[in-house]
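In our numbering, the protein residues as written are 905 to 1056. Here the structure comes first, spelled out in structure tokens, and everything after it is commentary.
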Amino acid sequence: MTEYQTTNSKNRKLSLLARFAAGGAFFAIIAVFYLLRVSSKGAINMSYWFGVCGFKQRFGLPCPGCGWTHAAEMFAAGHFLQALRIQPAAAFFCIVLSLASIFALHCAVFGIDSRLLQRIFSSKGMSILLVAACVVILAGWMVNLIRTILEN
């Protein structure tokens, strides 16, 4: 079975399995944001699950992941600027996840292949995504390091 169904139109359609996968991705992202929203209201204690940052305890400086959970909670609660202030990289990735969920829902409902997925999941696309993610994470970490050093 091919990944795409052929139609009379020029647009290729995603297979039923690919559409279910896109729907699953949409609901998984929505579930993560719902969990973060519930956590922001205090119903779930995320620090119990993740604990205290060992890097920050040992060196007194934030690690690249410090502030991600709190920033994501603020983003899920609708406080976008506060999330950006807490951890810029986390806010950026929350925006990317939000856009990915919209794209996944579009693929699941309409099944139109935009060829964007082929470009993203190619080896060159994955390399670019990995480098871009590392740059964003390091930039967010630098912002937090500078902020911490200037506060002391």
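Even for Gly, the Cβ is constructed at its ideal location relative to N, Cα and C.
- The Cβ atoms of Phe-937 and Leu-1009 lie no closer than 8 Å to each other.
- Contact between Val-942 and Ile-948 holds, since their C-beta atoms are separated by about 5 Å, short of 8 Å.
- In the three-state scheme derived from DSSP, where H, G and I count as helix and E and B as strand, Lys-945 is classed as coil.
- Its Cα nearest to that of Pro-992, the residue Gly-1044 stands out among Ile-999, Lys-960, Ala-935 and Gly-1044.
- Its chain contains Ala-976, Glu-977 and Ala-980 as the residues whose beta carbon lies nearer than 7 Å to that of Leu-940, once the 5 sequence neighbours on both sides are disregarded; these appear in chain order.
- In its chain, beyond the 5 residues on either side, Cys-957, Lys-960 and Asn-1048 have a beta carbon closer than 7 Å to the beta carbon of Cys-970.
- Using a 10 angstroms sphere on the CB of Ile-1032, the tally of other CB atoms stays under 16, which defines it as exposed.
- Under the DSSP assignment, Val-1040 falls in the alpha helix (DSSP H) whose first and last residues are 1027-1055.
- In this structure, Ala-926 and Ala-1012 form a Cβ contact; the two beta carbons are roughly 4 Å apart against a cut-off of 8 Å.
- Short of 7 Å from the beta carbon of Gly-1015, and not among the five residues preceding or following it, lie these beta carbons of its own chain, in chain order: Lys-917, Leu-918 and Arg-923.
- Taking the CA atoms as reference points, Gly-964 sits about 39 Å from Phe-1025.
- Taken atom to atom, the span from the alpha-carbon of Trp-972 to that of Leu-1001 is near 14 Å.
- Shortest Cα-Cα distance from Ser-1018 to any of Ser-1027, Phe-1007 and Lys-1028 involves Phe-1007.
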